[in-house]
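Working notes, beginning with the structure itself.
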Amino acid sequence: MDEKYFALRIEQKWQKRWAENRTFEAAIDEAKEKFYALEMLPYPSGRLHMGHVRNYSIGDALAWYKRLQGFNVLHPIGWDSFGQPAEQAAIKKGVNPRDWTEDNISQMREQLQRLGISYDWSREIAAHRPEYYKFDQWFFLKMLELGLAYKKMTKVNWCPRDRTTLSNEQASGGVCWRCGTAVEKKDIAQWFLRITAYAEELLTGMSEIEAGWAERVLTMQKHWIGKSEGAFVEFEVQGSKFNESTDLTSGDLNVGSIRVFTTRIDTIYGANAIVVAAEHPIIEANAANLSDAVKDKVEQIKIEKAKPTDYGEEAEKDGIDTGLKATNPFSGEHLPVWVGNYVMMEYGTGAVMSVPAHDERDFEFAKRFNLPIRKVVSRESKNENPESENKQAFTDYGFLINSGEWNGRTSADAKREMTRFAESGNFGEAATTYRLRDWGISRQRFWGAPIPIIYCPKCGTVPVPYEDLPVELPESAPFTGVGESPLAKVPEFVSTICPQCNEAAKRETDTMDTFVDSTWYYFRYTDPHNAEMPFDPETAAYWLPVDQYIGGVDHAIMHLLYTRFWTKVMRDIGLVDFDEPIRNLLTQGMVVGESYYSDAKASYYPPDEVRIERDERGKISSANLKEDDSPVKVAVEKMSKSKYNGVDPDDMIAVYGADAARIFVLFAAPSENELVWQETGIEGATRFLQRVWRLVYRWREVINGRRSAVGAQPERIETGVEARRLRQKTHRTIKRVTENFEGFQLNTPVAALMELSNALGDFKIEPEKAEAGDAFAVNEAVRSLILMLTPYAPHVSEELWETVTGDASGILSSGARFPVADENLTRAEEIEIPIQINGKLRSRVMVAPETPKEQLEAAALADAKVKEHTDGKQIVRIVVVPNRLVNIVVK
RNA sequence: GCUGAGAUGGCGUAAUCGGUAGCCGCGCUGGUCUUAGAAGCCAGUGCCGUAAGGCGUGCGAGUUCGAGUCUCGCUCUCAGCACCA
9 MDEKYFALRI
19 EQKWQKRWAE
29 NRTFEAAIDE
39 AKEKFYALEM
49 LPYPSGRLHM
59 GHVRNYSIGD
69 ALAWYKRLQG
79 FNVLHPIGWD
89 SFGQPAEQAA
99 IKKGVNPRDW
109 TEDNISQMRE
119 QLQRLGISYD
129 WSREIAAHRP
139 EYYKFDQWFF
149 LKMLELGLAY
159 KKMTKVNWCP
169 RDRTTLSNEQ
179 ASGGVCWRCG
189 TAVEKKDIAQ
199 WFLRITAYAE
209 ELLTGMSEIE
219 AGWAERVLTM
229 QKHWIGKSEG
239 AFVEFEVQGS
249 KFNESTDLTS
259 GDLNVGSIRV
269 FTTRIDTIYG
279 ANAIVVAAEH
289 PIIEANAANL
299 SDAVKDKVEQ
309 IKIEKAKPTD
319 YGEEAEKDGI
329 DTGLKATNPF
339 SGEHLPVWVG
349 NYVMMEYGTG
359 AVMSVPAHDE
369 RDFEFAKRFN
379 LPIRKVVSRE
389 SKNENPESEN
399 KQAFTDYGFL
409 INSGEWNGRT
419 SADAKREMTR
429 FAESGNFGEA
439 ATTYRLRDWG
449 ISRQRFWGAP
459 IPIIYCPKCG
469 TVPVPYEDLP
479 VELPESAPFT
489 GVGESPLAKV
499 PEFVSTICPQ
509 CNEAAKRETD
519 TMDTFVDSTW
529 YYFRYTDPHN
539 AEMPFDPETA
549 AYWLPVDQYI
559 GGVDHAIMHL
569 LYTRFWTKVM
579 RDIGLVDFDE
589 PIRNLLTQGM
599 VVGESYYSDA
609 KASYYPPDEV
619 RIERDERGKI
629 SSANLKEDDS
639 PVKVAVEKMS
649 KSKYNGVDPD
659 DMIAVYGADA
669 ARIFVLFAAP
679 SENELVWQET
689 GIEGATRFLQ
699 RVWRLVYRWR
709 EVINGRRSAV
719 GAQPERIETG
729 VEARRLRQKT
739 HRTIKRVTEN
749 FEGFQLNTPV
759 AALMELSNAL
769 GDFKIEPEKA
779 EAGDAFAVNE
789 AVRSLILMLT
799 PYAPHVSEEL
809 WETVTGDASG
819 ILSSGARFPV
829 ADENLTRAEE
839 IEIPIQINGK
849 LRSRVMVAPE
859 TPKEQLEAAA
869 LADAKVKEHT
879 DGKQIVRIVV
889 VPNRLVNIVV
899 K
């Protein structure tokens, strides 16, 4: 019998056994409570990184924990396999994106299996396979029917030289990443999903999940949705050529009047101008009457806006008076209409009333162009000097002044009543706006799900009939990176027959945003081989919603908002009967590493090219390049290959084993924290596993009953002090570990398990001399230790379980369950009570638990050290907290 | 600028209700074993001090018998958003 711990041999043995026994394959079992543990599916880049290892180790620990508690656990995995990198590989290396992707998936699947993550591999899915993306297209058609998918013109980054659209990253710095040409904005027609239709529900639905989601994620989403309540107000424009009648029920902008959105209608008497965005239709409508200076300024602002803006910098206020005049419907005052660079066409109505006294932006604008500033809200109810020199805008609520009949009202009252007044006069109405924009899903790319639309010269835009799905991607396409989208260059794909009139027609050549694939994938896991439907609603009803979702914070907004939206749509078409798909969300911190770079991060260096010197405290005192001694800088950044600060999980598994790697990654920091990778720490995990291994072998004969009877009931066994102490430690550990798991705190149980193994190591009785009571205590401690270790280190645990029980079928099929703490056994026989004098610790006394107040007080006063400190002083008060402490207050 | 989170030994961290600050691990120091090393084992390790003792949870106040924990004010760090009317 091999008594040495060889991680790799054991890991291979159990990985094989799990696969043969289909240990982790889930099936519906109405008798059992289900638990759906989910981790964000990876993009198949080819190699697993430490962020993945962390993500899946967390998920696996929870999945195992729930399995050991008797839950029916679903723990699946798949591949987010559409996306840019595959197409980049095609452009650069000439490989087929499909082959490249499939190769990467095979490699990463093997890596995951080497890590021993307990996935149900029979449910594996991949977004790029037609049987999956068929349903991306199915959902698109459904949304089209519901009016939730529509097409509109929108601006994209466009490289005029390569004649191709660019993503924001590809257009960073305002130039094309490929050729360096200045990027332009171009209008093209794109498909959108109407997520804004659910804006309000996405907001209110948060109350249902707030207990299980990190607050920061919900705050970020709330901010992103950006609800804001106020009013629309119509300002009539004199002399505008298009003086159409105002229609408040249509959302259309009326160029005969300018509609503004404001949250502060109470400040309307302070308006000094109407400021519109450069794209506002009133500009176009009155083009003939506008001066060349105005037209030039409008063009200039549009160009400036097209440039990517740097974070931290806000463009200086700019604009020009158009010469148009608008009437303030409240005061009748005629206001100039300006174009301003700080007004966005995308938000509200693309026009604002400028109230410099009470809005910082308007204030800045007014200062720049010497526009009048009139105060209409005052902190005090009495009238202040209205023309007083303002240093800054007063944006708080207050009392109205200079506002005609409204003077003296509070801002809150005025807002309500002025809105009502505007409504009755038919020149305004209460309105709610959202920052949230509809989701543009068109991508001019090959490697994505084709949008199932046909353009017919006769019938127009025609959806592909459901029975014709999937619209399959061709085998290949010319990948040049320039010109129009690759699919447009594949005639066999483009040419088709119109399903309505059977005449020649063309297919849509754009593909869908890959966020579409990842928005509903975990519904598919419940029924991954269904050819007719995305999933069977009844099957999904058993497994969903997801009980625990784990992934990076980087998906806090887009993915997690889209998937909530998608769920509500699925509910509306009857596929699911709940509103929120994810009960609990754990956002893990990033795994970062130390990287070395030259000034300005022009180049990064691998660690072996750098000489680091540290002082006694471990702080870096100098960092230089080995080659020429030039200084290098050190930073802690997200792990990446190009920064040479990453660790390859495979290397780590080869050296330390998967179990040690997993323990370390969970033990090193709380899951939400950033994890700074340090090579040294992992050895501690290995040492711990070896210690457990030796312990089990040391006590093996006793535990399996060959040396001493363990079956007896604990009440009937004479137990010594050592055994009683060990049992207390065992049950305290069980209690602690269970509580921590329930709170998703995965680092602290490791510390508790280490303590238990230390206690076992300190157990004073030799195995040869163990009596029945000792044997019982050790047996209980060791079995509990192994079972509690399983979520962290399943391979070693399985192996040790087999060693201890002789059952080779595995922990789960042996029927073992996570240990349950016996409250009575967690209590100590004697407890230590600290004694403070004036709040400072001076002594300690040992007493029995539940010792009454009077006795505690007496014991404290009898203490020699206490006497020393109270001698000659007056005792003012004695605070006694039973089972806690005694505090003596002296003067 | 707005919003949110955070600040504890040399490092990662721990600390139910306000009740012994520093569990567990890393690192480090000394010892043991060894021809030697690795591993293991034993002891130590918040800071100052030989010791007694004093000081200690970013800074400054406050509440309390007692504050890492509660309140107020500040500083710094990280993250998200960014002219949202």
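Numbers given in my numbering equal positions in the first sequence, counted from 1, plus 8. Quick reminder that beta carbons are idealized off the backbone N, C-alpha and C, glycines included. Computed from a predicted model, the values in this text were never measured in an experiment.
Measure from the alpha carbon of Gly356 to the alpha carbon of each residue in Gln882, Lys163, His288 and Ala430, then state which is nearest.
Selection Gln882, Lys163, His288 and Ala430 evaluated against Gly356 yields His288 as nearest (Cα-Cα).
Just checking, does the segment 428-444 make contact with the segment 183-198 on the three C-beta pairs under 8 Å criterion?
Verdict: no, contact absent.
Straight-line Cα distance separating Pro84 from Pro458
The straight-line gap from Cα to Cα measures roughly 26 Å.
Given a cut-off of 8 Å, decide if Val479 and Gln145 are closer than it, judged by their beta-carbon atoms.
Cβ atoms of Gln145 and Val479: closer than 8 Å.
Can you name the residues that DSSP bridges to Leu797?
Paired residue(s): none; Leu797 is not in a bridge.
Would Arg171 and Cys184 be called neighbours here (beta carbons separated by less than 8 Å)?
It is not a contact, given that the beta carbons lie outside the stated cut-off.
When you compare the CB positions of Ser82 and Tyr44, do they come within less than 8 Å of one another, or not?
A small fix is needed here, since residue 82 is Leu in this sequence, not Ser. A contact, by the Cβ cut-off of 8 Å.
What's the gap between the Cα of Ser386 and the Cα of Arg202?
Between Ser386 and Arg202, the C-alpha separation is close to 42 Å.
Classify Thr517: buried if its beta carbon has 16 or more other beta carbons within 10 angstroms, exposed otherwise.
Taking all protein chains shown into account, Thr517 has 16 or more neighbouring C-beta atoms within 10 Å of its C-beta and is therefore buried.
Which word fits Ile462, buried or exposed, when buried means at least 16 other C-beta atoms lie within 10 angstroms of its C-beta?
Buried: at least 16 other Cβ atoms inside 10 Å.
Please go through the segment 303-377 and give each complete alpha helix (DSSP H) segment of 4 or more residues, from N-terminal end onward.
If we require 4 residues or more, the alpha helix (DSSP H) runs fully inside the segment 303-377 come out as 368-377.
Taking Phe373 as the reference, give the member of Asn891, Lys325, His563 and Phe79 with the closest Cα.
When each option's Cα is compared against that of Phe373, the closest is Lys325.
Coarse secondary structure for Trp528, derived from DSSP in three states:
The DSSP-derived three-state label of Trp528 is coil.
Tell me whether Glu458 sits in a helix, a strand or coil according to DSSP, three-state version.
Correcting the residue identity first, residue 458 is Pro in this sequence and not Glu. Three-state result, Pro458: strand.
What's the gap between the Cα of Lys875 and the Cα of Glu862?
Computed Cα separation, rounded: 17 Å.
Hey, how far is the Cα of Val673 from the Cα of Cys464?
Val673 and Cys464: Cα-Cα distance of roughly 56 Å.
Exposure of Arg695, with buried meaning 16 or more beta-carbon neighbours within 10 Å:
Of the residues assessed, Arg695 falls on the exposed side of the cut-off, its CB having fewer than 16 other CB atoms within 10 angstroms.
Per DSSP, Val855 is paired with what?
Paired residues: Ile839.
Can you tell me where the alpha helix (DSSP H) holding Tyr141 begins and where it ends?
Looking at the DSSP string, the run of the alpha helix (DSSP H) that includes Tyr141 is Pro138 to Glu153.
Flag this pair as yes or no: are the beta carbons of Val561 and Arg591 separated by less than 8 Å?
Going by C-beta atoms, Val561 is not nearer than 8 Å to Arg591.
Looking only at C-alpha atoms, which of Gly67, Ala334 and Lys24 sits nearest to Gln121?
Closest in C-alpha terms to Gln121, from the list Gly67, Ala334 and Lys24, comes Lys24.
Among Val384, Phe501, Leu477 and Lys193, which one has its Cα closest to the Cα of Thr418?
Nearest C-alpha to Thr418: Val384.
Does the count of Cβ pairs from the segment 477-496 and the segment 535-542 closer than 8 Å reach three?
With a cut-off of 8 Å, the segment 535-542 and the segment 477-496 do not count as touching, because too few Cβ pairs lie within range.
Would you please state the rounded distance, in angstroms, between the beta carbons of Val284 and Val351? I believe it to be under 8 Å.
Rounded, the Cβ-Cβ distance is 6 Å, consistent with contact.
Taking DSSP as the reference, what is the three-state secondary structure of Met214?
In the structure shown, Met214 sits in a helix (DSSP, three-state: H, G or I).
By Cβ distance, which residues of its chain are closer than 6 Å to Val884, with the 5 residues on each side in sequence left out?
Cβ within range, chain order: Val897 and Lys899.
Considering only C-alpha positions, which residue in the set Thr738, Glu779 and Ser821 is nearest to Asp830?
The candidate whose alpha carbon is nearest that of Asp830 is Thr738.
Would you list, in sequence order, the uninterrupted beta strand (DSSP E) runs of no fewer than 3 residues that lie entirely inside the segment 853-894?
With a minimum length of 3 residues, the continuous beta strand (DSSP E) runs that stay inside the segment 853-894 are 883-889.
With a Cβ-Cβ cutoff of 8 Å, do Asn104 and Lys42 count as a contact?
Here Asn104 is not near Lys42, since their CB atoms are 8 Å or more apart.
Per DSSP, what kind of secondary structure is Ser65 in: helix, strand or coil?
Residue state, collapsed to three classes: helix.
Expressed to the nearest angstrom, what Euclidean distance is found between the alpha-carbon atoms of Val828 and Ile742?
If I take the Cα positions, the gap works out to 7 Å.
Helix, strand or coil, according to DSSP, for Ala778 in the structure here?
Coil.
Based on Cα-Cα distance, which residue from Asn755, Gly728 and Gly823 lies nearest to Ala780?
Answer by Cα proximity: Gly728.
Report yes if the CB atom of Tyr550 is closer than 8 Å to the CB atom of Ile36, and no otherwise.
If you check the CB distance, Tyr550 and Ile36 come in under 8 Å.
Alpha-carbon to alpha-carbon, Ser265 and Phe240:
Approximately 12 Å, taken between the alpha carbons.
What is the rounded straight-line gap between the Cα of Ala219 and the Cα of Thr575?
In a straight line, the C-alpha of Ala219 is about 19 Å away from that of Thr575.
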